[in-house]
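**Q**
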Amino acid sequence: SSGSNIGLEAIIRKALMGKYDE
Amino acid sequence: EFTQEEIQLLQYVMESYNKNRLPQDLASKLVDNLSTDDNFVFLTTMATSHVQILVEFTKKIPGFQTLDHEDQIALLKGSAVEAMFLRSAELFNKKLLDGHTDVLEGRIRNSGISHEYINPMFSFYKSLGELKMTEEEYALLTAVVILTPDRQYIKDKESVEKLQESFLHILEKLCKQHHPNNPQHFARLLGRLTELRTFSHHHTDMVMSWRVS
Chain A
97 SSGSNIGLEA
107 IIRKALMGKY
117 DE
Chain B
339 EFTQEEIQLL
349 QYVMESYNKN
359 RLPQDLASKL
369 VDNLSTDDNF
379 VFLTTMATSH
389 VQILVEFTKK
399 IPGFQTLDHE
409 DQIALLKGSA
419 VEAMFLRSAE
429 LFNKKLLDGH
439 TDVLEGRIRN
449 SGISHEYINP
459 MFSFYKSLGE
469 LKMTEEEYAL
479 LTAVVILTPD
489 RQYIKDKESV
499 EKLQESFLHI
509 LEKLCKQHHP
519 NNPQHFARLL
529 GRLTELRTFS
539 HHHTDMVMSW
549 RVS
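Those sequence lines, one after another, are chains A and B. For the working numbering, count along the first sequence from 1 and bump the result up by 96. For the working numbering, count along the second sequence from 1 and bump the result up by 338.
#1: Using a Cβ cut-off of 8 angstroms, pull out every chain C residue sitting near alanine 106 of chain A, in sequence order please.
#2: Can you tell me which of the three DSSP states phenylalanine 373 of chain B falls into?
#3: What residue does the alpha helix (DSSP H) around histidine 516 of chain B start on, and which one ends it?
#4: Alpha carbon to alpha carbon, how far is leucine 528 of chain B from phenylalanine 505 of chain B?
#5: Classify histidine 438 of chain B as helix, strand or coil using the three-state DSSP reduction.
#6: So that I know if they touch, is there some Cβ in chain A lying closer than 9 angstroms to that of glutamine 362 of chain B?
#7: Within the continuous alpha helix (DSSP H) that includes serine 542 of chain B, where are the two ends?
#8: Would you mind sorting arginine 530 of chain B into buried or exposed? The rule is 16 or more other CB atoms within 10 Å of its CB.
#9: Report the rounded CA-to-CA distance for isoleucine 345 of chain B versus valine 369 of chain B, giving the unit in angstroms.
#10: If I measure Cβ to Cβ from asparagine 377 of chain B and keep anything under 8 angstroms in the same chain, skipping five residues before and after, which residues do I get?
#11: By alpha-carbon positions, which one of B/Leu414, B/Phe340 and B/Gln342 ends up nearest to alanine 111 of chain A?
#12: Are the C-beta of arginine 109 of chain A and some C-beta of chain B separated by less than 9 angstroms?
#13: Is the region 495-513 of chain B in contact with the region 390-408 of chain B, if contact means three or more CB pairs nearer than 8 angstroms?
#14: With a 10 Å radius around its C-beta and 16 neighbouring C-beta atoms as the bar for buried, classify methionine 113 of chain A as buried or exposed.
#15: Whose C-alpha, out of B/Thr396, B/Lys397, B/Ala365 and B/Ser465, is nearest the C-alpha of threonine 383 of chain B?
#16: Any C-beta of chain A within less than 8 angstroms: which residues of the region 413-424 of chain B qualify?
#17: Got a sec: is the Cβ-Cβ distance from histidine 438 of chain B to anything in chain A below 9 angstroms?
#18: Using only the alpha-carbon positions, how far apart do glutamate 327 of chain B and aspartate 363 of chain B sit?
#19: For threonine 439 of chain B, collect the residues of the same chain with a Cβ closer than 6 angstroms to its Cβ; drop the 5 residues on either side in sequence, then sort them by chain order.
This is the structure we're talking about:
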């Protein structure tokens with residue numbers, strides 16, 4: 097489960113930094 | 339009666355909720371015939387998309403950006419799966435995605451994920467559907483789920499709690515307004531949150547067993 101959590105956290109951090117902003 | 343501030347808060351949340359939906363190209367991809375391997379890629383891409391949309395929505399929840407940055411991450415990590423189940427429930431109950439939700443359901447059922455996980459999930463969507471929630475209720479309940487103060491690693495629980503309370507308050511008022519003949523509606527919504535937590539726990543096992551198979 098730690099593997100999938102790291103994946104989740106990476107997506108969240110990137111998205112929070114605005115990487116997926118329009 | 340809503341205060342001016344509450345009306346504005348609700349407007350903000352709805353604007354962001356409506357802006358951040360699953361992309362329409364997912365709907366068109368749904369009608370494609372996919373092999374089992376493609377199906378796996380499709381469903382994992384969809385889950386990633388769900389999380390990105392969740393973060394975009396959360397960023398615009400008034401007050402969220404004022405929270406400690408690491409607390410923001412802890413809140414999102416702790417709620418992502420629950421929020422994803424809520425969105426999926428709305429998706430299935432309101433038959434979004436250009437009416438291709440039946441194809442999506444088939445795809446999930448044939449994904450190789452054990453039915454011991456799949457069946458309770460769809461029963462949950464159905465039971466939420468019976469509550470006949472409005473779009474505003476889905477959006478606010480999602481905000482309430484995200485702003486849960488007792489997630490792991492939250493440092494400033496008090497600020498999170500304050501924020502969550504303001505949304506709970508608006509949700510309670512909305513429930514009374516939308517369901518005047520059902521005084522238990524708000525309590526029922528909160529009851530579903532407990533169920534969501536259970537799903538979140540099972541989700542890790544589900545993903546693990548899926549990966550192994």
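Even glycine gets a Cβ: it sits at the ideal position worked out from N, Cα and C.
**A** Taking the definition as stated:
#1: Of the protein chains in the structure, A and B, none is chain C.
#2: For the record, residue 373 of chain B in the displayed sequence is serine; it is not phenylalanine. It is coil, neither helix nor strand.
#3: 495-516
#4: 13 angstroms
#5: coil
#6: With 9 angstroms as the cut-off, glutamine 362 of chain B does not count as an interface residue toward chain A.
#7: Here residue 542 of chain B is threonine; the residue named in the question, serine, does not match the sequence. Element bounds for threonine 542 of chain B: 523-550.
#8: Arginine 530 of chain B is buried by the Cβ-count criterion.
#9: 39 angstroms
#10: Closer than 8 angstroms at the Cβ level, and outside the excluded window around asparagine 377 of chain B, lie Arg445, Asn448 and Ser449.
#11: B/Leu414
#12: yes
#13: yes
#14: exposed
#15: B/Ala365
#16: Those would be Leu414, Lys415 and Ala418, in chain order.
#17: No - not a single Cβ of chain A is within 9 angstroms of the one on histidine 438 of chain B.
#18: The structure shown does not extend to residue 327 of chain B, since chain B is modelled only from 339 to 551, so the question has no answer here.
#19: Phe430 and Lys433
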